[in-house]
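From first to last, the protein sequence lines are chains A and B.
Per numbering that gives the first Met the number 0: the first sequence ends with 358, consecutive numbering throughout.
Per numbering that gives the first Met the number 0: the second sequence ends with 358, consecutive numbering throughout.
Here the structure comes first, spelled out in structure tokens, and everything after it is commentary.
Number of protein chains: 2
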Amino acid sequence: MTSRRPPHSPSQPFATLDWTGRHVRLLDQTLLPRKVKYLSIRDEKTMWEAIRSLRVRGAPAIGAAAAWGLYIGTARRRNRTLREVRRNVKTVADYLAGARPTAVNLFWALDRCRAAVEALPDGAAADEALATLLAEAQAIQREDEESCARIGEHGAPLLHGIKGVVTHCNAGALATAGMGTALALFYTAAAEGQRFTVYVDETRPLLQGARLTAWELQQAGIDVRLITDGTAGTVFQRGMAQAVVVGSDRIAANGDVANKIGTMPLAIAAKYYKVPFYVAAPLSTIDPAARSGADIPIEERGAGEVTSFGGTPVAPRGTKVFSPAFDVTPARLVAGIVTEAGVLRPPYRRSIARALAGQ
Amino acid sequence: MTSRRPPHSPSQPFATLDWTGRHVRLLDQTLLPRKVKYLSIRDEKTMWEAIRSLRVRGAPAIGAAAAWGLYIGTARRRNRTLREVRRNVKTVADYLAGARPTAVNLFWALDRCRAAVEALPDGAAADEALATLLAEAQAIQREDEESCARIGEHGAPLLHGIKGVVTHCNAGALATAGMGTALALFYTAAAEGQRFTVYVDETRPLLQGARLTAWELQQAGIDVRLITDGTAGTVFQRGMAQAVVVGSDRIAANGDVANKIGTMPLAIAAKYYKVPFYVAAPLSTIDPAARSGADIPIEERGAGEVTSFGGTPVAPRGTKVFSPAFDVTPARLVAGIVTEAGVLRPPYRRSIARALAGQ
């Protein structure tokens, strides 16, 4: 059994993750751009490690990876009855939920798969429950592909007539099961014949911009200029970019946006130079339980990511760091949130509630 | 002949550059923090290369290095007459002026040394001219040591009662002939018994913050947290820092500040979170000929500094970059400019003119 795989974009020659019918095939993003290597994942521990170590990253891709991990982790256990399947689903889901604390899609995907199994009539067979779990993972992957395409369609008009645009981290095909969130706007606008330059923040400490976004945009033939995270201000000051588009790891009910560290100062600089700052994310990124950004837990990373690079120390031995993985951009800096349901505009508490109600 | 060397600070166990009586002894900052190695510089080409390759960096240190370079480059030529000395001074000064385009102290120091030789009566001997050139270089170095100490004294009161402060790049002892500019405030406040944490921007692409500032503050026993350049916004948002202090490579007559790339978005983020942003620099950093930041030439650096990290490639082969070495912080974001003559406050056109007139 293989999942239906529509082309993500005419120019995307890779799949971030996929189900082969026997295992999950997952592009190891920690090796990019040096090496294109796929992992074969057959159990939940390997998937947990892949999520934890950022071999797969990006909120929507993490959601799909978690759903697949839940399926393979459950299927390899003893599942003689529906009751056993449900118990195994709970065990594996609780385990996978600990892989990364900030990405709400992780919990969303696990909850959704678990709810599908819970919703079965109590007389259902164990096989039927496993098939449901598999179908739910496939649906999450397929829906993500489709929502990426919708995000691109809704967002591309925001880029009409621009000469340049800034993005941060990787909210691209590599971050989703589809053609990306923020980068879906670029792929769609480019496919419509627009020509523009994407200024890509390298995105310290893990350099997802340099390693992943520059790579995937170049593969698609889009003009890229890599910049350090401190350079975007000058890009705005000189009138080189007319928009910013980023992804998100979690959006609160009031429109506060958690995304990769460095996003918030980028939004502040954009505001200062009157450049609109857009967030592109599927509705699954919105956490209605988070009333504001203050309710979003922010993961802190270890010192080594900042004090050394590629094995080379760049700071004195023993240097202490402060390294939050994400920051929270206040909603008032966000010009629009591009979702598969359309572009949400301020005031976000209302537009978000309406969009979630309309799902 | 050796220069008088007052202690820069009780805790500073290194000299950035010095005159041994025969050659210039210069700490190769490209090897820090891995290795503490001194270069012996005996000709202007080696000095040009040291300035160009950032073995010595920081506007005031570049000024002193240029003055020493002008002396050693002139002294090794044929100097039978004052006329020959003056011709050699011109040749060497023109050559050294090309090492880096943004640091005004480079031109300032060369002009000052050259003017001292020009000011000699036409009957002066060649030896006297060379002695004048040497004395001028020594004066520049000594005055820088003193102005650093004054900057520390004037600025330390701005840090009273703070818990944390953010700095960018290296405006420390390593950037001057003395105890630094921005870091002079920290050394002085710490010597006065204040306790605070310095959040040090790593400062991509060349990591002066990680390599140099973290190193020299740690040597002085000051509490350091290294952060990526995108993290300062979160430091402000969480109330962890109550001030920012940075150095400058050139200040325009209206108070616009050219400094290491990444400074301007830091100033914008500080303003957004109502954290005062201070610049610490000797008056020699002010370029009255630059009416605003638009008149300051901004050097662009090569792609390799961004596309690789510590020698390891991090971006796909052939990635194009936009890599200005400096940015311009608009004067309205600057709460004060700490100089050896006191703290200048807005409106800067007036306070700067007054300070320069008072020299």
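Even for Gly, the Cβ is constructed at its ideal location relative to N, Cα and C.
In this text the structure is predicted, and so the values were computed from the model without any measurement.
| query | result |
| --- | --- |
| Per-residue DSSP class, three states only, for B/ARG86 | helix |
| Whole-Å CB distance - A/ILE285 paired with A/ILE250, under 8 Å assumed | 5 Å |
| Where B/PHE325 sits in the DSSP three-state scheme | strand |
| 6 Å CB neighbourhood of B/PRO9 in its chain, flanking five on each side removed | Reliability fails at B/PRO9, whose pLDDT of 42 lies under 50, so the model's placement of it is uncertain and no value is given. |
| Exposed unless 16 or more other CB atoms sit within 10 angstroms - verdict on A/HIS159 | exposed |
| Reduced DSSP secondary structure (H/G/I, E/B, other) of B/THR212 | helix |
| Whole-angstrom C-beta distance between B/VAL337 and B/ALA279, which should lie under 8 Å | 4 Å |
| Helix, strand or coil at B/THR338 according to DSSP, with G and I counted as helix | strand |
| Proximal residues to B/ALA314 (C-beta, below 6 Å), its chain only, five neighbours per side dropped | THR306 |
| Among B/ARG141, B/ASP27 and B/ALA108, the one whose alpha carbon lies nearest that of B/ASP93 | B/ALA108 |
| Endpoints, the alpha helix (DSSP H) within which B/PHE276 is located | No alpha helix (DSSP H) contains B/PHE276, which is instead part of the beta strand (DSSP E) from 276-279. |
| Residues from the segment 218-230 of chain A in contact with chain B, defined by Cβ distance under 7 Å | VAL223, ARG224, LEU225, ILE226, THR227, ASP228, GLY229 and THR230 |
| Burial state of A/LYS34, where buried means 16 or more other Cβ atoms lie within 10 Å | exposed |
| Inter-residue spacing [alpha-carbon to alpha-carbon] between B/HIS7 and B/MET178 | Here the model assigns B/HIS7 a pLDDT of 44, short of 50, so the residue's position is not dependable and the matter cannot be decided. |
| Cβ-based burial, B/GLN207 [other Cβ within 10 Å; buried from 16] | buried |
| Proximity winner among A/ALA252, A/LEU282, A/ALA231 and A/GLY261, relative to A/ALA269 (alpha-carbon distances) | A/ALA231 |
| Local Cβ density within 10 Å of B/PRO156, reported as buried at 16 or more and exposed below that | exposed |
| Interface flag, B/TYR186 vs chain A, CB-CB below 8 Å | no |
| Test: A/ILE267 CB closer than 8 Å to a CB of chain B | yes |
| Within 8 Å, strictly: CB atoms of A/VAL342 and A/GLY292 | no |
| Status (buried if at least 16 other CB within 10 Å, exposed otherwise) for B/GLY229 | buried |
| Within 8 Å, strictly: CB atoms of A/ALA176 and A/ALA63 | yes |
| Contact set between A/ARG210 and chain B, taken where Cβ atoms lie within less than 8 Å | VAL313 and ALA314 |
| N- and C-terminal bounds of the beta strand (DSSP E) containing A/ALA172 | It is not in any beta strand (DSSP E) - A/ALA172 carries neither H nor E in the DSSP assignment. |
| Contact set for A/ASP42: own chain, Cβ-Cβ below 7 Å, skip 5 residues either direction | ILE71, GLY72 and ARG75 |
| Bridge-paired residues (DSSP) for B/THR196 | B/GLY163 and B/ASP222 |
| Contacts around A/GLY261, its chain only, beta-carbon distance under 8 Å, and the 5 residues preceding and following it disregarded | HIS167, CYS168, ASP200, THR202, ARG203, ASP228 and ASP326 |
| Distance between A/ARG290 and A/GLU83 (C-alpha atoms, nearest Å) | 36 Å |
| Residues of the segment 320-344 of chain B whose Cβ lies closer than 8 Å to any Cβ of chain A, in chain order | VAL320, PHE321, SER322, PRO323, ASP326 and VAL327 |
| Under 9 Å from the C-beta of A/LEU30: neighbouring residues of chain B | Within chain B, no residue comes near A/LEU30; the closest Cβ sits about 12 Å away, beyond 9 Å. |
| Interface flag, A/ALA181 vs chain B, CB-CB below 8 Å | no |
| Cross-chain neighbours of B/LEU206 in chain A, by beta carbon under 7 Å | VAL313 |
| For A/PRO315: DSSP bridge partner residues | DSSP output for A/PRO315 lists no bridge partner at all. |
| Proximal residues to A/ARG113 (C-beta, below 6 Å), its chain only, five neighbours per side dropped | VAL88 and ALA92 |
| B/GLY363, buried or exposed, once every other Cβ within 10 Å from all chains shown has been counted against 16 | Summary: the structure shown does not reach residue 363 of chain B, with chain B confined to residues 0 through 358, and so no result is reported for it. |
| Three-state secondary structure (DSSP) of B/SER10 | Per-residue confidence for B/SER10 stands at a pLDDT of 46, beneath the threshold of 50, marking its modelled position as unreliable; no derived number is given. |
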